[in-house]
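Okay, structure first, notes after.
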Amino acid sequence: MLDKDRLFPAESGVARRVAQALYETVKGLPIVSPHGHTDPRWFADNKSFPDPAALFIQPDHYVFRMLYSQGVSLESLGVPQQGTNSGEAVRVDPREVWRIFARHYYLFRGTPTRLWLDHSFETLFGLTERLSEANADTFYDVIAAKLKTPEFLPRALYERFGIEVLATTDAAVDSLEHHRAIRDSGWKGRVLPTFRPDAVIDAEYAGFRENLEALGTLTGEDVSGWNGYLRALRSRRQFFIANGATATDHGHLTAMTADLSPVDAAKLYGRIFSGHLEAGDVELFQAQMLTEMAGMSVEDGLVMQLHPGSIRNHNLKVYEKFGRDKGADIPSPTEYVRSLRPLLTKYGNDPRLTLIVFTLDETSYSRELAPLAGHYPALRLGPPWWFHDSPEGMMRFREQATETAGFYNTVGFNDDTRAFLSIPARHDVARRVDCAFLGRLVAEGRLDEDEAFEVAKELTVGLVKRAYKL
Amino acid sequence: MLDKDRLFPAESGVARRVAQALYETVKGLPIVSPHGHTDPRWFADNKSFPDPAALFIQPDHYVFRMLYSQGVSLESLGVPQQGTNSGEAVRVDPREVWRIFARHYYLFRGTPTRLWLDHSFETLFGLTERLSEANADTFYDVIAAKLKTPEFLPRALYERFGIEVLATTDAAVDSLEHHRAIRDSGWKGRVLPTFRPDAVIDAEYAGFRENLEALGTLTGEDVSGWNGYLRALRSRRQFFIANGATATDHGHLTAMTADLSPVDAAKLYGRIFSGHLEAGDVELFQAQMLTEMAGMSVEDGLVMQLHPGSIRNHNLKVYEKFGRDKGADIPSPTEYVRSLRPLLTKYGNDPRLTLIVFTLDETSYSRELAPLAGHYPALRLGPPWWFHDSPEGMMRFREQATETAGFYNTVGFNDDTRAFLSIPARHDVARRVDCAFLGRLVAEGRLDEDEAFEVAKELTVGLVKRAYKL
Amino acid sequence: MLDKDRLFPAESGVARRVAQALYETVKGLPIVSPHGHTDPRWFADNKSFPDPAALFIQPDHYVFRMLYSQGVSLESLGVPQQGTNSGEAVRVDPREVWRIFARHYYLFRGTPTRLWLDHSFETLFGLTERLSEANADTFYDVIAAKLKTPEFLPRALYERFGIEVLATTDAAVDSLEHHRAIRDSGWKGRVLPTFRPDAVIDAEYAGFRENLEALGTLTGEDVSGWNGYLRALRSRRQFFIANGATATDHGHLTAMTADLSPVDAAKLYGRIFSGHLEAGDVELFQAQMLTEMAGMSVEDGLVMQLHPGSIRNHNLKVYEKFGRDKGADIPSPTEYVRSLRPLLTKYGNDPRLTLIVFTLDETSYSRELAPLAGHYPALRLGPPWWFHDSPEGMMRFREQATETAGFYNTVGFNDDTRAFLSIPARHDVARRVDCAFLGRLVAEGRLDEDEAFEVAKELTVGLVKRAYKL
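Residue numbers (the numbering used here), protein chains in the order written: chain A, 7 to 476; chain B, 7 to 476; chain C, 7 to 476.
See the structure below:
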C-alpha cells in the first residue's frame with residue numbers, strides 16, 4: 007500500500023535521486039520527540055491499549071473532526087463526553103465505531119491523517135489493503151488481536167519506534183507521578199515532562215482559582231501576592247527540572263508580551279487573583295507572564311515554547327457536551343512583530359534564552375517569523391504546527407522560512423500528538439518532505455550535495471537536540 | 007493554438023500521465039454551473055448576440071480592467087455608461103473597439119483571461135491563430151458572421167456546451183419573468199434563478215428604499231416592521247423556489263454575522279427602515295440578516311452562499327461615469343473565524359443547512375476556512391473565486407485547503423461569469439487543474455490511482471450537484 | 007562551484023529547455039538598476055575598496071543579521087558603531103572578521119545571500135571552492151589583492167558589470183555633490199540620484215527639525231508655513247531633476263494616504279512644524295504628504311516609489327549601539343486597498359503619474375496589489391522586495407501577481423542593495439527565475455514560446471526603462 011518513494015519529487019531526475027539518497031541516511035535515525043501529548047501513564051503502567059477505536063479514533067481530533075464535518079455524530083463514534091473518564095467511550099460498541107470509520111475512510115483522501123493511518127496499518131499491523139467498509143472487520147480483528155500481545159505494549163512500541171526521547175505536556179500543578187514511576191521502574195525509555203503553566207496564568211481557564219490554590223499548596227508559597235506567585239512558579243519549574251524537564255510550553259490566544267514595572271505587575275496580579283478585573287487584564291497578565299517566564303528561563307535554562315493563535319472551543323455545542331480538544335479549535339490571524347517586542351527587547355539578545363515560536367498563521371512565516379528568527383539570537387522557529395503538519399504544509403514552511411531564517415534557526419520536527427501510533431509515520435513524513443526540499447535545492451544548484459547530507463541530519467536530530475537541550 | 011495537454015504537469019512522468027488519464031474521463035461530463043451571472047433574457051428571447059465587442063469586451067470586466075490599467079480609456083472601448091442601456095455601447099464602432107483589443111492582446115499574457123479567450127476563439131470560431139493587430143479584422147468578421155447563425159443563438163450554445171443546469175443571480179424583487187418564459191417555452195434547458203437579497207438588506211445599496219417598497223408591494227407584506235419584513239423575505243424565497251431556485255447568494259463587505267435577540271433585531275430594523283441610523287447599524291443589520299437567512303435556509307432548504315471581502319467601486323471616477331462592476335472591485339483582508347461564529351453557533355451543527363463560503367483572501371484557506379469546514383457539518387468551501395479562478399489560484403486552493411478540509415467539504419467548480427462564451431473554457435481549466443493536482447498526489451504516493459478517478463468525477467459533477475441540490 | 011543551469015526547472019523537459027533558451031537571450035543584456043543604495047562617492051572618488059570584510063560583511067545587513075542570530079556579536083564583526091565613521095570598523099582585524107564569517111558560512115545554506123556571495127567569489131575573484139574555515143585566509147588574500155588592482159576600482163567594476171544606469175537613494179537635503187562630481191569628471195557611467203524626502207516628512211525621524219531647517223536654508227523658502235514648505239520641496243525636486251533624477255522614493259511605516267483640504271493640511275503642518283502634535287498627526291502628515299508628492303509627480307514627471315511596511319530598528323539594544331540598518335528592520339502586515347484610496351481617487355486615473363508600490367507582506371500580492379495594479383492606470387507593482395528578493399520569493403511574486411496584473415503592470419527588477427559586488431548576482435538570479443517561470447508557462451501551454459522571448463526581454467530591460475523613464 008505504501009509507495010516506498012512517497013513524498014519525493016514525482017519525476018525521475020536529480021531532485022528525486024538526491025531526495026532518495028538523503029532519506030536513506032536519515033530514515034533510521036532515532037526519533038527525538040521534544041513536544042507532544044502522549045499520556046505518561048501509558049509508559050508507567052505499560053498496559054495494553056484497549057481496542058482499535060479507543061486507539062485510533064476516540065482520542066484523535068484529526069480523525070473525528072473530519073467525520074463530524076460530514077455528518078457523523080460524535081456520539082456514534084463514542085467520543086468521550088464531559089463528566090466521563092477521558093479515556094473511555096460512552097456505551098458504544100468499538101467495532102461499530104470502527105465500521106463507521108471504515109465506511110468514511112474516503113473522506114481522508116488527500117489529508118495527512120490518511121498517510122499516518124496507512125503507515126500505521128501497514129508497518130505495525132501488516133495490513134496492506136486500503137481500509138474500506140468491506141475489510142473493516144478484518145482490520146478490527148487484526149488490530150485488536152495484536153494490541154493484546156507484548157509487542158504492542160507501550161514500552162515495547164516506544165522501543166520498536168526507535169524513540170530516543172519523548173516529551174509529554176504537563177500542567178504546572180501536575181504531580182509527575184507517572185514520570186517518576188517510569189524512572190523508578192528502571193526502564194531505560196526517556197519520557198520527560200514539559201512545564202505547561204497555562205492553567206495558572208490564564209484567568210479564563212476552567213478551574214483557574216483551584217489551580218492557583220493547588221499551586222500554593224504544592225509549593226508552600228502564599229500565592230495571594232505577586233512575589234509569592236512568582237516564587238511558586240520558580241519552585242514548580244525546579245520540580246519539573248528535577249524530573250527531567252528541559253522545556254516549558256505556553257498556549258496563548260495571541261503572542262502578546264508585556265514588560266510592566268514590578269509595581270504595575272504586582273497590582274495587575276492583585277486584580278487577577280481577586281477577580282476584580284479591568285478590561286484587558288486577562289490578556290495583559292498573560293502577556294506579562296510570557297516575559298516573566300522568559301526571565302525565569304534565563305535563570306534556570308528551561309527552553310521556552312510559545313504556541314499562539316488558536317481560538318479554542320469554537321463550537322459551543324460540542325464544547326458543552328464533549329469538552330476541550332474536540333476538533334473545534336480554529337486558527338486566527340496572529341501578529342508577532344509588535345507582540346513579541348517587549349519580551350525580545352528584554353531578553354531577545356540574551357544567549358541564555360531559547361524561545362521557540364510556533365504559528366497557525368502561515369502568512370507570518372516569511373513576513374514576521376523568519377525575519378525575527380534571522381536576527382534575534384534567542385529566537386528559533388518551531389516546525390509547521392497542527393493543521394500544517396502535512397506534506398504541503400511542511401513544504402511551504404521550508405520554502406517560506408529558509409531563505410530568510412536559514413536552516414539553523416529552526417529546530418527540527420515535533421509530532422505534537424496524542425496519537426502514539428502515528429509518531430513514526432509523522433516523523434517519516436517530515437523526513438521525506440525535508441529530503442524532497444533539499445533534493446530540489448541541490449537539483450536547482452542552490453546547495454551542494456555534500457551539504458544536503460549534513461543538513462538532512464541536522465533537520466532530523468541535530469537541531470532538535472541542541473535546541474531542546476536533549 | 008491550444009496545447010492539448012495544457013495545464014498538466016509539464017514533465018513527462020507519472021503525474022502527467024495520470025492527469026491525462028483522469029482528464030479523459032471528466033472532459034466530456036456535463037457542465038453544472040450553480041453560480042453565475044448570465045442574463046436569463048438571452049435564453050428567454052434566444053436572439054443573436056449583437057457583435058464581437060458586445061460579446062467579448064464590453065461586458066467583461068476582466069478584459070477592460072486590464073486594458074484600462076494600461077491607459078486604454080473605457081470610453082474608447084464603448085463600455086456602457088451610467089444612464090445608457092446596460093447592453094449598449096456609447097457611439098463607438100464595435101470593429102474599432104475590437105482593433106484596440108487586438109492591439110493590446112499581449113497584455114493578457116500569463117492571465118486566465120487569455121486562456122479563456124483562446125479557447126473560445128479556437129473551439130467555437132475555428133480561429134487557430136493568436137489574435138493580433140494584423141488579424142483583428144479577420145477575427146472580427148469570422149465572429150460577427152458566426153454570431154448571426156442559428157448555431158450561435160444562446161440556446162444552441164447552451165446545448166453545444168453540454169450544460170446540464172445553469173444558475174443565474176437575481177435580485178430579491180426580480181419578477182423572474184425570463185425564467186418563467188424559458189420554462190413556458192418548452193425548451194429543455196435548465197436555467198434556474200438564485201435568490202440574491204443584498205439590495206434589500208444592505209442599507210447603503212443604491213435604491214435601498216425603493217427596493218424595500220418593491221418588496222412590500224410584491225409580497226403584500228407591511229415591511230415597515232421587522233416581522234413583516236421577514237415574512238416578505240420568506241415569501242420571495244418561496245417564489246424563487248417555485249421558479250426553480252435551489253440557492254441564495256449574499257455579497258457582503260465582511261463575513262460578520264450576529265445573533266441578536268428578536269427585540270434588539272426589531273429595534274435595529276426600525277432604525278434601518280426609518281433611516282435614523284446609529285454607528286455600525288448598517289453592518290450589524292447585514293450581520294444579523296445572514297443569521298436570519300441561515301435560519302430560513304434551515305426551514306426551506308435553500309443552499310446559502312456567502313461571498314464577502316470585495317470593496318466595491320473603489321475607483322470613484324469610474325463609478326460615477328460607468329457605474330458598478332467595472333473592474334474596480336478590490337479584495338481586502340477578510341476574517342471568518344470570529345465573524346461566522348454567531349451564525350455557526352446557532353446553525354453550524356444543523357444538517358439541514360448548507361452554507362458555502364467563498365473568499366478573495368487566500369490567506370484564509372489554510373488558516374480559517376479549511377479548519378472551519380473540516381469541522382462544522384453545515385459548512386462547505388466554495389471554489390477559488392474571482393481573481394483566483396485561474397490555474398495558479400486553483401492549484402493554491404487545492405494545496406492549501408485539501409489537507410485540512412479534504413475534498414468532500416468542497417463543492418466543485420463555479421464559473422461565476424457573465425461572459426457566456428467563456429463557460430466551457432473556465433470549466434475546462436478547472437477540470438485540468440484538478441486532474442493535475444490529483445496526478446501529483448498519485449505520483450507522490452499520497453492517493454491511489456483508482457481513488458483519483460473517483461475524486462476527479464466528484465470534483466466535476468458529484469460534489470456540486472449534491473451541495474447545490476441540483 | 008556555480009551550476010550553469012541553477013534556478014531553472016530541475017527536471018530535463020520542455021520547461022527547462024525553454025528556460026535555458028530564454029536565459030541565453032537575456033543574460034548578457036545591460037543591467038538597469040533604478041533603485042539601490044550604493045554610495046555615489048565610490049564612483050566620484052573611484053578609490054579602492056578597503057578590504058574583504060569592509061566590502062562583504064560590515065555593510066551588508068543580510069550577512070551580519072544571520073551571524074548575529076546565531077550568537078556572533080556585531081562587535082566581533084567590526085560592524086560600525088554609532089558615532090564612528092559609517093564606513094569604518096571599530097578596532098577589529100578585518101582578517102579575523104573574515105575568519106569568523108568563513109567559519110559560519112554554513113549558516114547561509116538555502117539563502118539568497120549564499121547565491122550572491124558564491125557568484126561574486128567565482129565570477130569576480132575566480133574562487134571556485136566553497137568558502138570554509140580551511141580556505142578563509144586564501145579567500146581573504148585573493149580578494150584583498152584584487153581589490154587593489156585597477157580592475158576592481160568602482161568605475162571599472164561598474165563597466166565590467168555591464169551597468170547601463172544605476173540609481174542611488176539620496177536625502178532631500180543632500181548636496182548631490184558626488185553625482186555632480188561624477189558628471190563633471192567626464193566618465194560616461196550613469197549614476198543618478200533618487201529623491202528620498204522621508205527625513206523632512208516623518209516627524210519622528212532622527213534630526214527632523216534640523217532637516218527642515220536645512221530644507222529652508224537650501225531653498226531660500228520659509229518652511230515655517232505650509233506653502234513655503236511645499237515650495238521648498240518642489241524646489242528640491244527640481245534640483246534633483248537637474249542632477250539626473252527620474253524618481254522619488256518613500257519609505258513609510260504604512261501605505262496610508264490622505265487628501266485633506268488645503269486649510270486642514272496647512273493646520274496639520276503647523277502642528278508638525280511647531281511640535282505641538284495631536285494623536286495621529288505624525289502618520290496623518292505622512293499620509294497627506296504621499297498625496298502631495300503624487301501631485302508634484304504629476305507636475306514634474308518624477309516617478310514615485312512607495313516602500314511601506316517595515317518596522318525599523320525593532321531591536322532597541324542593537325539600535326542604541328549600532329544605529330539604523332543593522333538587520334533589525336522587521337516587516338509587518340500592510341494594508342493597501344483602503345490606505346491608497348485617497349491618493350488613487352485623486353491621481354490614480356492620471357496618465358502622468360507612475361506610482362510603483364512595493365510590499366514586504368506577500369499576502370497582498372494576489373489580494374490587493376495585483377487587483378489594484380490591474381485596474382488603475384497610474385499604478386505599477388515593484389519587484390519582490392528585500393526578504394523576498396530570492397528564488398522562492400521571486401517565484402511566488404510571479405505566481406501570485408501575474409494572473410491578475412499581467413506582466414505589463416510590473417516594472418522589472420530592482421537590486422535595492424548597498425552591496426555593490428552583489429549587483430550582477432542579484433540581477434542574474436532575477437533573470438533566471440523569470441526565465442524559469444516563463445519556461446513553465448510555455449511547457450504548460452499557457453504562453454506561446456515566441457511570446458516568452460518577448461516577455462523575458464521586457465522583464466529584463468523594457469519594463470524597467472519605461473517605468474522609470476530611463
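No residue lacks a Cβ here, since even glycine has one placed at the ideal position from N, Cα and C.
Which listed residue (the options) has its alpha carbon closest to that of residue i
{"i": "residue 109 of chain A", "options": "A:118, A:139, A:84", "result": "A:139"}
{"i": "residue 391 of chain A", "options": "A:367, A:64, A:290, A:384", "result": "A:367"}
{"i": "residue 338 of chain C", "options": "C:20, C:313, C:157, C:12", "result": "C:313"}
{"i": "residue 107 of chain A", "options": "A:68, A:403, A:323, A:87", "result": "A:68"}
{"i": "residue 332 of chain B", "options": "B:266, B:71, B:207, B:205", "result": "B:71"}
{"i": "residue 413 of chain C", "options": "C:396, C:395, C:469", "result": "C:469"}
Contact list for residue i against chain B, beta-carbon separation under 7 Å
{"i": "residue 454 of chain C", "result": "136"}
Contact list for residue i against chain C, beta-carbon separation under 8 Å
{"i": "residue 117 of chain B", "result": "408, 409, 410, 412"}
Chain-ordered neighbours of residue i on chain B, where CB pairs are closer than 9 Å
{"i": "residue 12 of chain A", "result": "450, 451, 452"}
Cross-chain neighbours of residue i in chain A, by beta carbon under 8 Å
{"i": "residue 354 of chain B", "result": "321"}
{"i": "residue 437 of chain B", "result": "By Cβ distance, chain A contributes nothing, its closest Cβ being about 17 Å from residue 437 of chain B, past 8 Å."}
{"i": "residue 398 of chain B", "result": "Result: empty, since nearest Cβ-Cβ is about 14 Å, beyond 8 Å."}
Cα-Cα separation, residue i to residue j
{"i": "residue 372 of chain A", "j": "residue 406 of chain A", "result": "5 Å"}
{"i": "residue 462 of chain A", "j": "residue 443 of chain A", "result": "10 Å"}
{"i": "residue 8 of chain A", "j": "residue 35 of chain A", "result": "20 Å"}
{"i": "residue 446 of chain A", "j": "residue 452 of chain A", "result": "8 Å"}
{"i": "residue 399 of chain B", "j": "residue 421 of chain B", "result": "14 Å"}
{"i": "residue 219 of chain B", "j": "residue 44 of chain B", "result": "27 Å"}
{"i": "residue 186 of chain B", "j": "residue 411 of chain B", "result": "38 Å"}
{"i": "residue 384 of chain B", "j": "residue 418 of chain B", "result": "16 Å"}
{"i": "residue 19 of chain C", "j": "residue 19 of chain A", "result": "10 Å"}
{"i": "residue 46 of chain A", "j": "residue 184 of chain A", "result": "6 Å"}
{"i": "residue 217 of chain C", "j": "residue 244 of chain C", "result": "18 Å"}
{"i": "residue 93 of chain B", "j": "residue 162 of chain B", "result": "Low per-residue confidence applies at residue 93 of chain B: pLDDT is 49, beneath 50, and the placement is therefore not dependable enough to give any value."}
{"i": "residue 231 of chain C", "j": "residue 425 of chain C", "result": "40 Å"}
Proximity below 8 Å, CB of residue i to CB of residue j
{"i": "residue 103 of chain C", "j": "residue 63 of chain C", "result": "yes"}
{"i": "residue 310 of chain C", "j": "residue 360 of chain C", "result": "yes"}
{"i": "residue 75 of chain B", "j": "residue 380 of chain C", "result": "yes"}
{"i": "residue 181 of chain A", "j": "residue 262 of chain A", "result": "no"}
{"i": "residue 126 of chain A", "j": "residue 431 of chain A", "result": "yes"}
{"i": "residue 177 of chain B", "j": "residue 253 of chain B", "result": "no"}
Per-residue contacts from residue i into chain C (C-beta, under 9 Å)
{"i": "residue 114 of chain B", "result": "412"}
Within chain A, partners of residue i - CB distance below 9 Å
{"i": "residue 217 of chain B", "result": "Result: empty, since nearest Cβ-Cβ is about 35 Å, beyond 9 Å."}
Where residue i meets chain C, residues with beta-carbon distance less than 7 Å
{"i": "residue 284 of chain B", "result": "Under the 7 Å cutoff, chain C gives no residues; its nearest Cβ is about 22 Å from residue 284 of chain B."}
Partners in chain B for residue i, counting only beta-carbon separations shorter than 8 Å
{"i": "residue 16 of chain A", "result": "15, 19, 20, 21, 446, 449, 450"}
Legend entry - Proximal residues, the region 51-84 of chain C versus chain A, C-beta separation under 8 Å: Sequence-ordered contacts of the region 51-84 of chain C with chain A read 71, 72, 74, 75, 76, 77 [C-beta pairs closer than 8 Å].
Legend entry - Residues within the region 20-46 of chain C neighbouring chain B, beta-carbon criterion of under 9 Å: From the region 20-46 of chain C, only 20, 21, 22 have a Cβ closer than 9 Å to chain B.
Legend entry - Chain-ordered residues of the region 358-387 of chain A with a beta carbon less than 8 Å from chain C: Residues passing the 8 Å Cβ filter: 369, 372, 373, 374, 376, 377, 378, 379, 380, 381, 382, 383, 385.
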